[in-house]
Amino acid sequence: MIVPRFGSHFERTIEESVDVKTVLNDSTTGVGHYSSTSALGALGNFALAAHRGTFGASFGQIDQLRVGDRIYIETNDGWYVYRFRNMEFVYSSELTVLNDVPRLSIVPEERILTMTTCHLKGTISERFVAYSIFESFVPRGKGAPSEVVGTGQNP
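End of the sequence shown = 154 in numbering that gives the first Met the number 0, gap-free, step of one.
Encoded structure:
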């Protein structure tokens with residue numbers, strides 16, 4: 000995962016779990032996919048979790064995202080590109096942000112990336128939720144997107 004807004008140093012591997020001990024508290028990975036949500040690039044909601052103030056603080060700069068910022072997720076086949084759309088704050092008990100269409104119970108028509116983390120930093124009662132919409136897929140054979148080149152990712 001590459002988020003240019005977070006700086007050229009930011010790149011994280013996404014694990015297929017949001018287990019606190021083995022994934023979220025791992026300062027080298029620290030980002031997990033809620034396995035109950037959609038697959039990367041599929042219709043619906045591909046939802047992620049990470050800490051904001053501890054254990055590497057993978058989403059420590061989430062409040063710096065601006066409408067239109069790109070978020071890249073690299074796979075063996077290429078790069079999924081999402082564009083940040085909006086954010087909200089919810090109570091930690093508000094699990095509808097993980098629905099196929101966040102906060103609604105309807106059939107998905109978009110490919111959504113949801114990033115969840117604590118709000119305020121280091122607390123557990125509220126969540127900061129950032130939503131992005133799928134923009135494109137760049138096959139590896141076409142080369143890395145220009146914003147990704149130089150981040151340490153494979154071109």
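C-beta atoms are modelled at their ideal positions from N, C-alpha and C, and glycine is treated no differently.
| Check | Outcome |
| --- | --- |
| C-alpha gap between S26 and F9, whole angstroms | 12 Å |
| Same chain, Cβ closer than 6 Å to E14, five either side skipped, listed in chain order | V22, T28 and G31 |
| Inside the region 34-75 only - beta strand (DSSP E) runs reaching at least 3 residues | 43-49 and 69-73 |
| Distance between V80 and G40 (C-alpha atoms, nearest Å) | 9 Å |
| CA-to-CA distance, I70 to V137, given in whole angstroms | 13 Å |
| The region 85-99 / the region 108-127 touching (three or more Cβ pairs under 8 Å) | yes |
| R84 and L42 closer than 8 Å at C-beta | no |
| E125: first and last residue of the uninterrupted beta strand (DSSP E) it sits in | E125 to P138 |
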